[in-house]
């Protein structure tokens, strides 16, 4: 089976929720800025 190895924070920001694609140990807020939409800088 194939595995998605692309930018997982981008997917989580687009959905606006933690998709648990990163490690489950640290919180998603320490890794990604969920308040910003992807592509909006």
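In the working numbering, the protein residues as written are 1045 to 1085. Cβ atoms here follow ideal geometry from the backbone N, Cα and C, with glycine treated the same way. Since this is a predicted model, take the numbers as computed values, not measurements.
(request) Compute the Euclidean distance between the alpha carbons of residue 1059 and residue 1077, then round it to the nearest angstrom. (result) In the chain shown, residue 1059 corresponds to position 15, counting from 1. In the chain shown, residue 1077 corresponds to position 33, counting from 1. Between the alpha carbons of residue 1059 and residue 1077 lies a distance of about 12 Å.
(message) According to DSSP, is residue 1053 part of a helix, a strand, or is it coil?
(response) Position 9 of the chain shown holds residue 1053. Here residue 1053 sits in helix by DSSP.
(request) Could you tell me which of 1080, 1065 and 1083 sits nearest to residue 1047, measuring between CA atoms? (result) Against the chain shown, residue 1047 aligns to sequence position 3. That would be 1065, whose Cα lies nearest to the Cα of residue 1047.
(message) So, for residue 1054: in the same chain, excluding its five sequence neighbours on each side, which residues have a beta-carbon less than 7 Å away from its beta-carbon?
(response) Looking up residue 1054 in the chain shown gives position 10. Within the same chain, Cβ atoms closer than 7 Å to the Cβ of residue 1054 are found at 1082, the five residues on either side in sequence being excluded.
(message) Looking at residue 1072: is its Cβ nearer than 9 Å to the Cβ of residue 1056?
(response) Residue mapping note: residue 1072 aligns to position 28 of the chain shown, counting from 1. Residue mapping note: residue 1056 aligns to position 12 of the chain shown, counting from 1. Contact flag set, yes.
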